[in-house]
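See below for the structure under consideration.
Number of protein chains: 2
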Amino acid sequence: MPNDKSFHMPSKDFKRYGYQIIDWIADYHERVEQMPVFSQVSPGEIYSKLPDHAPQQGDSFQEILKDIEKIIMPGITHWQSPNWYAFFPANTSGPSILGELLSAGLGVQGMLWATSPSCTELETRVVDWLVEMLDLPSTFKSDNTGGGVIQDSASSATLCALLAARERITGYSSNQTGCTGRLVAYASTQAHSSIEKAVKIAGIGSENLHSIGVDDQFAMLPDQLEQQVLKDKQHGLTPFFISANIGSTSSNALDPVAEIGEICRKHKMWLHVDAAMSGTAALCPEFRFIHRGLECADSYCFNPHKWMFTNFDCDVFYVKNRDALIRTFSLLPEYLRNKASESGEVFDYRDWHIQLGRRFRALKLWFVIRHYGIRGLQYHIREHVRLAQLFADWIRRSDDFTLEVEPPLNLVCFRHRGGDEINQYIMDTVNAGGKACFTHTRLNDHLVLRLSVGQTHTRENHVETVWQLIQQASRQYTSNGK
Amino acid sequence: MPNDKSFHMPSKDFKRYGYQIIDWIADYHERVEQMPVFSQVSPGEIYSKLPDHAPQQGDSFQEILKDIEKIIMPGITHWQSPNWYAFFPANTSGPSILGELLSAGLGVQGMLWATSPSCTELETRVVDWLVEMLDLPSTFKSDNTGGGVIQDSASSATLCALLAARERITGYSSNQTGCTGRLVAYASTQAHSSIEKAVKIAGIGSENLHSIGVDDQFAMLPDQLEQQVLKDKQHGLTPFFISANIGSTSSNALDPVAEIGEICRKHKMWLHVDAAMSGTAALCPEFRFIHRGLECADSYCFNPHKWMFTNFDCDVFYVKNRDALIRTFSLLPEYLRNKASESGEVFDYRDWHIQLGRRFRALKLWFVIRHYGIRGLQYHIREHVRLAQLFADWIRRSDDFTLEVEPPLNLVCFRHRGGDEINQYIMDTVNAGGKACFTHTRLNDHLVLRLSVGQTHTRENHVETVWQLIQQASRQYTSNGK
């Protein structure tokens, strides 16, 4: 930082406080294991501790850092605790944090190739690497018809896929009125809420999202899909889009992509595959069965910000045919015209998503891949799956608990056989205790507990602990004569 | 970081490399002034320097840092150079970079209040502060009917506003088919391309975005707007949304919000006001004229990531009635249910935008406001406006150059009187020289040069330099006998 007066932070202060925050983060990741995982504050508590008005005069940075501990930390729910089994992992790592720091320090905009060529080209290179690393279809590579781009989240990726599908089926006529009136999209009953959100946003209408039933492992029934498509066509509707899950949020169900893909091909529908958490498993050859049939997909996404040690946000979104995406989003006002764009030799990633501006997110992903190497990443994915399977074995061997589904990877859905009340009690008790946390879903009309293993530093002793806590809470409930 | 073997970065390495990157950033901001502003690389140059395949074994972090200098830096276009006058500012500052670092270190998800109460409540507090700081309508505050939320970009904010407007006019019937067929949106001919992008995404259709003419300062003509609305109603269409600019991208035009608001009120249309760059000027009482009439707006956004020393992404989006927004986006799958959400006492910000996941972006904004204080921020905004006005004076006093519009704030639109060719030459020559950079637009069928003053460290000597460079290039063109 240039050392000028006038309120800016001088270089020496930036270094001093920068080191302090680096130390603080290193220390936080060491002590987070000891902290109550879910924040215990009440609504409004943090808000009311913050002053009513912004300061007229600047505060010292030392004061700000004190307030982090005093005001902010009590309201933090610790997603980076190795005792985190709730919702889904949002794991991170040292190299990722440093990549985010460098990206903030450079402060470049990657909206056009010209606004920082490295931002675009490193991204293209790293997402090309990932095609090989996960053994994805080669059509997703930039030297083929497709390509990948970093999006903020799978919700946005799904929306982009749906919009590209809508434009393809309507002949890129989104400048025309009411083109969306008779389009129908499909997803299983287990699809993530982002599918319905996307369908609403795109003006398709939720009633035109048709839910397809699932089998006993909550995977979509392709026969039912095909019947529904045929019925809809008979009613004069236009089936155009389907979103398949590789690892549903609720229970990690794996939709049969190959069979679904065949139906899409026959009926000329866009197949989007959402592998938000589970896609990362394909780093390991033994888990690549999850991607069977993926060559049928028009688009695909997975989130390194869930299970690949890269901090949020970092969703990687691929399309088989990049022209479909670019034609959907490209608009070129005069003030963005430039020679590189007009040469057609470069990607302008703003044409691959909703936003115009974009951060240099490829840096953190590059740091993670280079630091761990493929082998390091594989090691941790295997370890997480091993721990989840170990926990599943304990459940299998227990008299009181049962697995609701066979866990394919790192998410275990289980419940006490005693009904919803005891399961609710177990969850509330363990979570209130602060030593571990997990969340729930409903499957087969049961309240089902979800143990999602994926935090960077979760190891066998942590999983043993949460199992002890669950059993304790179970015994407590019983001995309380409830 | 817990010190375990198995590929993770040990705590001591994280500290060591963390300090190195902090030092590197401090140094970068000192030397960036000397670097060619626009990257000079050719398409594909960076991509080809990166290995074809991801490494099997992890690399040392020292190697990665070397490659930053060797491979990445030549492809960086330096948005943080004080010689940056292109497009718009995307300025940042020490406190903001440290806030982003801390946010990455904590690695929390703010999708629900419960997933980190501090992430939600600090955000609410800081955006409430900003209502006072910019003297915005009090209905935008969280203790009133409205509220603010941090979005990634003004493009997303505009889309959210448009969707909430669509849902309000159709009675929140986005689950129904073809509800969008006869809706019409409005914006001036100078509106940002994100408006058209949003209209396409929402299924309204570009042909239903009606462009309204502008006056000689490129501000929307309210009479023409009203005539168009009446005409559209006569044709059986439903006017429902208008986006007004406070500071258009091309030339910083200020639409007459009060007059437009009156038309919106009469015809029950949603008024969105986009003040992406210029909103920040309202930190200073003398520039608050830009917001005249804002009490009529249903929604409003401005970007601290443009001109308020907060690194991208950080757009602040306000609505007058938060229910309209929440009803548009809220979907509650079982796996996200929790007591706090059901109590109705908390904001779950995932219901305020498109994405589900969200970063802890309020931290960097809080750091910036606390570090600078209102006075520090005002000082720099005034200084940027003063420098732009100084440059405008030089243009006024020049025989060769002319102002295309009177600059209201920090963006100067000017051109050489000699026609498009010399202006193109001047821009290309200065940009190729690397000592400063600016971009262009078209106004009144002229190629017009834009000097956008807003980088954190731009001072009078930098503006003097770019003016010298422009005059030199102009003389060069003439003496080359072109």
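Which chain is which? The protein sequence lines are A and B, in order.
4 is the number of the first residue of the first sequence in this note's numbering; add one for each residue after it.
4 is the number of the first residue of the second sequence in this note's numbering; add one for each residue after it.
All C-beta atoms in this analysis are idealised placements derived from N, C-alpha and C, irrespective of residue type, glycine included.
In this text, all values refer to a predicted model and were calculated from it rather than measured experimentally.
Going along chain A, which residues have a C-beta under 8 Å from residue i?
i: Asn-314/B; result: Ala-107, Gly-110
i: Glu-337/B; result: Ser-253, His-443, Thr-444, Arg-445
i: Ser-159/B; result: Ile-357, Gln-358
i: Asp-423/B; result: Those within 8 Å of Asp-423/B in chain A number zero; the least Cβ separation is about 12 Å.
Between residue i and residue j, which are expected to be in contact by the criterion C-beta below 8 Å, what is the C-beta distance as a whole number of angstroms?
i: Leu-328/A; j: Cys-440/A; result: 38 Å between Cβ atoms; not a contact.
i: Leu-297/A; j: Met-136/A; result: With a Cβ gap of about 14 Å, Leu-297/A and Met-136/A do not count as contacting.
i: Gln-358/A; j: Ser-196/B; result: Rounded, the Cβ-Cβ distance is 12 Å, inconsistent with contact.
i: Pro-411/B; j: Leu-224/B; result: That belief does not hold up - the Cβ atoms of Pro-411/B and Leu-224/B are roughly 18 Å apart, past 8 Å.
i: Arg-340/A; j: Tyr-352/A; result: Arg-340/A to Tyr-352/A, Cβ: 17 Å. No contact.
i: Gly-150/B; j: Phe-350/B; result: 7 Å
i: Ile-67/B; j: Lys-18/A; result: No, Ile-67/B and Lys-18/A are not in contact; Cβ-Cβ is about 21 Å, not under 8 Å.
i: Ala-261/A; j: Arg-295/A; result: 5 Å
i: Leu-139/B; j: Tyr-321/B; result: 7 Å
i: Gly-206/A; j: Ala-205/B; result: 6 Å
i: Ser-214/B; j: Ala-190/B; result: 7 Å
Tell me residue i's beta-bridge partners as DSSP assigns them.
i: Gln-154/B; result: Asp-318/B
i: Thr-95/A; result: Answer is none; Thr-95/A lacks a bridge partner.
i: Arg-169/A; result: Per DSSP, none; premise fails for Arg-169/A.
i: Arg-453/A; result: Cys-416/A, Thr-442/A
i: Val-217/A; result: Met-223/A
i: Val-2/B; result: The first residue shown for chain B is 4 and the last is 485, placing residue 2/B beyond what the model contains.
i: Trp-355/A; result: Bridge partners of Trp-355/A: none, in fact.
i: Trp-87/A; result: Cys-440/A
i: Phe-404/B; result: His-419/B
Residue i versus chain B: which residues are under 8 Å apart at the beta carbon?
i: Pro-58/A; result: Ile-372, Arg-373, Gly-376, Ile-377
i: Trp-1/A; result: Residue 1/A falls outside the range modelled here, since chain A spans only 4 to 485, and no answer is possible.
i: Ser-302/A; result: Per Cβ cutoff of 8 Å: no residues; Ser-302/A is ~16 Å from chain B at best.
Between which two residues does the alpha helix (DSSP H) harbouring residue i extend?
i: Asp-235/B; result: 225-237
i: Thr-432/A; result: 423-436
i: Arg-19/B; result: 14-34
i: Gln-478/B; result: It should be pointed out that residue 478/B corresponds to Arg in this sequence rather than to Gln. 463-482 is the span of the alpha helix (DSSP H), which, as asked, contains Arg-478/B.
Whose CA, out of the options, lies closest to the CA of residue i?
i: Pro-39/A; options: Ile-249/A, Asn-434/A, Leu-105/A; result: Asn-434/A
i: Asp-62/B; options: Leu-390/A, Leu-406/A, Val-371/A; result: Val-371/A
i: Asn-413/A; options: Thr-405/A, Ala-395/A, Asn-426/A, Tyr-428/A; result: Ala-395/A
i: Leu-405/B; options: His-32/B, Val-415/B, His-419/B; result: The displayed chain sequence assigns Thr, not Leu, to residue 405/B. Closest option to Thr-405/B, Cα to Cα, is His-419/B.
i: Pro-304/B; options: Leu-274/B, Phe-290/B, Gln-475/B; result: Before going on, a small fix: residue 304/B reads as Cys here, not Pro. Comparing Cα-Cα distances from Cys-304/B to each of Leu-274/B, Phe-290/B, Gln-475/B, the minimum goes to Leu-274/B.
i: Asn-86/A; options: Glu-126/A, Asn-447/A, Gly-102/A, Ser-455/A; result: Ser-455/A
i: Asp-316/A; options: Arg-364/B, Tyr-22/B, Glu-345/B, Glu-407/B; result: Arg-364/B
i: Gly-347/A; options: Gln-83/A, Gly-97/A, Ala-117/A, Pro-13/A; result: Ala-117/A
i: Leu-228/B; options: Leu-368/B, Cys-267/B, Asp-277/B, Leu-390/B; result: Cys-267/B
i: Pro-288/A; options: Val-276/A, Phe-91/A, Ile-384/A, Leu-452/A; result: Ile-384/A
i: Pro-74/B; options: Glu-409/B, Arg-330/B, Gly-206/B, Ile-49/B; result: First, the amino acid is wrong: residue 74/B is Ile here, not Pro. Here the closest residue by C-alpha is Ile-49/B.
i: Lys-438/B; options: Thr-459/B, His-465/B, Leu-452/B; result: His-465/B
i: Ser-121/A; options: Ser-45/B, Ala-167/B, Arg-453/B; result: Ser-45/B
i: Ser-209/B; options: Lys-15/B, Ala-201/B, Gly-108/B; result: Ala-201/B
i: Gln-479/A; options: Thr-459/A, His-449/A, Ile-429/A, Val-451/A; result: Ile-429/A
i: Ser-14/B; options: Gly-97/A, Thr-80/A, Tyr-189/A; result: Gly-97/A
i: Leu-472/A; options: Thr-313/A, Asp-448/A, Asp-431/A, Ser-302/A; result: Asp-431/A
In the DSSP assignment, the beta strand (DSSP E) including residue i goes from what residue to what residue?
i: Ala-247/B; result: 241-248
i: Val-260/A; result: Here Val-260/A belongs to no beta strand (DSSP E); instead the alpha helix (DSSP H) covers 260-270.
i: Val-187/B; result: 186-191
i: Cys-416/A; result: 414-419
Using a Cβ cut-off of 7 Å, pull out every chain B residue sitting near residue i, in sequence order please.
i: Ser-196/A; result: Leu-334, Pro-336
i: Ser-188/A; result: The question names Ser, but residue 188/A in the sequence shown is Ala. Going along chain B, no residue has its Cβ under 7 Å from Ala-188/A, so there is no contact; the nearest lies around 12 Å.
i: Glu-463/A; result: Chain B residues near Glu-463/A: none, gap ~12 Å exceeds 7 Å.
Name the chain B residues that come within less than 9 Å of residue i, Cβ to Cβ?
i: Asp-326/A; result: Per Cβ cutoff of 9 Å: no residues; Asp-326/A is ~16 Å from chain B at best.
i: Gln-83/A; result: Gly-108, Leu-109, Gly-110, Val-111
i: Val-349/A; result: Pro-46, Gly-47
Listing by chain order, which chain A residues have their CB less than 7 Å from the CB of residue i?
i: Gly-216/B; result: The contacting residues do not exist; Gly-216/B stays about 17 Å from chain A at best.
i: Pro-120/B; result: Ser-42, Val-44, Ile-49, Gly-78
i: Ala-93/B; result: Gly-110, Gln-112
i: Tyr-20/B; result: Leu-101
Closer than 9 Å by beta-carbon distance: list the chain A residues that pair up with residue i, in chain order.
i: Leu-454/B; result: Here the premise fails: no neighbours, minimum Cβ distance about 13 Å.
i: Arg-418/B; result: The premise fails here: Arg-418/B is roughly 14 Å from chain A at the closest Cβ pair, so nothing lies under 9 Å.
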